[in-house]
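Sequential numbering of the sequence shown, starting at 81, is according to the working numbering.
Contents: one structure, followed by commentary.
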Amino acid sequence: MKKARGAREQGFSLVELLMVTAMLGLVMAAIYSTFLTHQKTAFSQGEVVEVQHNLRAALDYLSRDLKMAGVLLPTGTTSPIAAAAGSPAFPNYSTNIALNTASAEGRLARIEGAPAINTPATTMTLTVEAPAKADTPNIVDGFAIGDNLRLIRPVDGSQQVAGTKSLLVTNTSRGVFGTTAPSITVSKSDGTSFTAGDAISSDMLAKVADVGTYPMTVRYYLAEGGVTVGGFACPANQKCLVRQVNGEAGPAEIIATNIASLRFSYLNDSYGETVVPTDLAAIRAVRITVQGTTARTTVLSGGAKLRTATTLVKLRNRR
């Protein structure tokens with residue numbers, strides 16, 4: 081005689097347990113797949129954003145230097161775009177560029193007042209803002225003791241100090257609004273004295289990095305991955321935009337990474353556009369095209385993602 085099975089003896093069969101386990105595995109696999117997909121997308125989009133930031137930085141630096149190209153240079157003798165020189169020749173115009181400028185750092189100050197020098201003096205204090213307008217004392221913050229300056233007359237770009245044609249900053253003063261004007265005190269770098277007429281109101285002071293080179297040049301080019309520039313290595317598997325002052329031996333720095341290509345074209349007075357200009361003095365604007373690429377997340381996203389930025393910059397200081 082069989083004993084009746086009670087309710088407490090009922091349960092799941094082995095087949096049912098296997099089916100539930102299989103279904104749970106499928107659900108977990110789907111969740112994990114979704115997680116991986118979102119993770120890859122997040123990492124990829126993060127680098128895309130980084131690429132876009134680098135493109136903006138590249139265009140910002142290039143645009144600012146192009147707008148300053150040619151500033152305070154001698155009339156009719158030096159064009160904003162530098163001519164090719166060296167071997168191999170630089171620039172080649174289409175993928176790199178060199179610019180002429182009075183100050184590669186863009187540090188300029190307009191003289192509001194110069195002292196009347198009745199007898200030769202080894203130092204000269206130059207007012208760079210009127211006291212009534214001295215609410216911008218930071219006008220002197222871009223200059224420091226020991227900096228080298230050029231003293232330039234804007235009307236023709238001529239330099240007003242004979243000999244070395246450079247000045248040395250010996251002191252700066254931020255002034256007091258309405259009372260004392262901001263000023264810069266200078267001496268001649270060769271130790272000679274100032275005489276009457278060396279500086280007048282409206283003359284300009286331009287900070288220079290190298291007193292032996294004038295005008296200064298600013299070069300832009302692409303460095304290959306793994307190359308060290310200014311103490312920093314360009315990451316592997318990508319290119320970097322480099323800004324260099326005063327030629328191949330001058331100081332250089334990496335401006336932007338994740339760069340794939342750099343292109344320049346030039347608009348001239350006849351409204352034509354070319355990548356290899358024949359008359360540098362006729363260039364009126366430069367078109368810049370920079371392409372960025374992802375590198376670290378290429379495997380995650382199934383290939384590199386490209387972004388392109390372009391702008392047209394008018395040359396403001398043609399003479």
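Even for Gly, the Cβ is constructed at its ideal location relative to N, Cα and C.
All values derive from a computational prediction rather than experimental measurement.
In its chain, beyond the 5 residues on either side, Asn176 and Val322 have a beta carbon closer than 6 angstroms to the beta carbon of Tyr301.
According to the DSSP assignment, Phe274 belongs to no beta strand (DSSP E), since it is labelled neither H nor E. About 6 angstroms separates the CB atoms of Arg230 and Ala182; that is less than 8 angstroms, so the two are in contact. By the Cβ test, the segment 358-367 is not in contact with the segment 308-318, since fewer than three Cβ pairs between them sit closer than 8 angstroms. In this structure, the alpha-carbon of Ser269 lies about 5 angstroms from that of Leu247. Across the set Gly383, Gly327, Phe92 and Ser267, the C-alpha of Ser267 shows the shortest separation from the C-alpha of Thr203.
Using a C-beta cut-off of 8 angstroms, the segment 225-239 makes contact with the segment 275-288, since at least three inter-stretch Cβ pairs fall below that distance. Residue environment analysis places Ala375 among the buried positions, since at least 16 neighbouring C-beta atoms fall within 10 angstroms of its C-beta. Taking the CA atoms as reference points, Glu328 sits about 40 angstroms from Ala261.
Ranked by how close their Cα comes to the Cα of Val128, the residues Ala279, Val288, Ile264 and Ala384 have Ala384 in first place. Cα atoms of Ala332 and Tyr141: separation of roughly 14 angstroms, rounded to the nearest angstrom. Between Ala178 and Pro160, the CB-CB gap reaches or exceeds 8 angstroms.
Straight-line spacing of the CA atoms in Arg364 and Ser143 works out to 14 angstroms. Exclusion of the five residues before and after Val366 leaves Leu146, Ile161, Ile177, Phe344, Ser345, Tyr346, Leu347, Leu392, Val393 and Leu395 as the residues of its chain whose Cβ lies within less than 8 angstroms of its Cβ. Beta-bridge partners of Gln239 (DSSP): Ile232. DSSP places Asn317 outside both helix and strand once states are collapsed to three, so it counts as coil. Annotated as distal: Ala336 and Asn172, with beta-carbon spacing of 8 angstroms or more.
Under DSSP, Met296 forms a beta bridge with Thr181. Rounded to the nearest angstrom, the gap between the Cα atoms of Lys319 and Ile225 is 37 angstroms.
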